[in-house]
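Peer 1: For the sequence shown, position 168 matches number 912 in our numbering, and the numbering has no gaps at all.
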Amino acid sequence: MRYIIYGAGAVGGVIGGRLFQNGRDVVLIARGPHLEALRRDGLTLQSASETAQLQIAAVGSPAEIEFQDGDAVLLTMQTQDTEAALDELRATADVSVPIFCAQNGVENERLAVRRFQNVYGITVMLPAAHMEPGIVRSHASNKSGMLDLGRYPSGSDEIAQAVADDLNASDFSVIVHDDV
């Protein structure tokens with residue numbers, strides 16, 4: 745599975761960085777000086793135990809990605825940016841691409857399900873900070889964060905379990921729920 749991390753700030757940077765460190769194919773979508781730094785230097789992922797320099801592919805919009813079967817999009821931007829991001833995604837990605845809302849707002853999944861068939865919610869408990877362009881920091885100890893996920897509006901499926909398995913293997917504690 746290839747992970748498209750849309751909003752590669754604190755939460756998206758840590759999730760994308762950890763997936764990449766675990767050998768997963770990752771593309772970060774960012775903007776402005778952060779995108780410039782990612783393209784130039786890669787993502788710097790800091791934690792209490794390491795500072796990793798990760799050469800992860802980075803683009804400025806979904807239009808720069810050739811979407812394929814096996815892609816999963818993780819939305820990690822702030823809620824006020826979700827609708828515009830979903831419209832950009834819908835212009836280039838198939839309606840069947842799985843969309844994971846790794847955002848703690850209550851409106852994101854409802855916005856996504858109006859445009860895509862396979863929508864998932866993720867409750868995010870992940871202490872992280874976007875320090876400066878190109879640099880994110882995980883403030884967690886032991887695991888990088890706790891993520892509960894499930895299909896929206898309810899249920900779970902093989903895609904949810906596959907993403908949970910990849911995240912669990914990438915230093916997160918993840919549980920799939922039918923009622924996220």
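By construction, the Cβ of each residue, glycine as well, lies at the ideal position given by its N, Cα and C atoms. Keep in mind the model is a prediction, meaning the values are calculated, not measured.
1. Go ahead and pull the three-state DSSP assignment for D831.
2. Secondary structure at Q824, three-state DSSP: helix, strand or coil?
3. Taking Cβ to Cβ, would you say L833 is nearer than 9 Å to T867?
4. V758 lies in the alpha helix (DSSP H); which residues open and close that run?
5. Out of V758, N852 and G753, which one is the CA nearest neighbour of T823?
6. Under DSSP, the alpha helix (DSSP H) around I903 begins and ends at which residues?
7. Excluding the 5 residues flanking S885 on each side, which residues of the same chain have their C-beta closer than 8 Å to its C-beta?
8. Looking only at C-alpha atoms, which of R768, A802 and I759 sits nearest to L779?
9. Leaving out five residues before and five after A754 in sequence, what residues of the same chain have Cβ atoms less than 6 Å from its Cβ?
10. DSSP three-state call for L819: helix, strand or coil?
11. Compare the beta carbon distance of Y896 and V924 with 9 Å and say whether it is the shorter of the two.
12. Whole angstroms is fine: what's the gap from A846's alpha carbon to L782's?
Peer 2: Looking at the coordinates:
1. The answer is helix: DSSP assigns D831 an H, G or I state.
2. Annotated three-state conformation of Q824 is helix, per DSSP.
3. no
4. A754 to Q765
5. N852
6. E902 to N912
7. A792
8. A802
9. A872, A873, H874 and V880
10. strand
11. yes
12. Between A846 and L782, the C-alpha separation is close to 21 Å.
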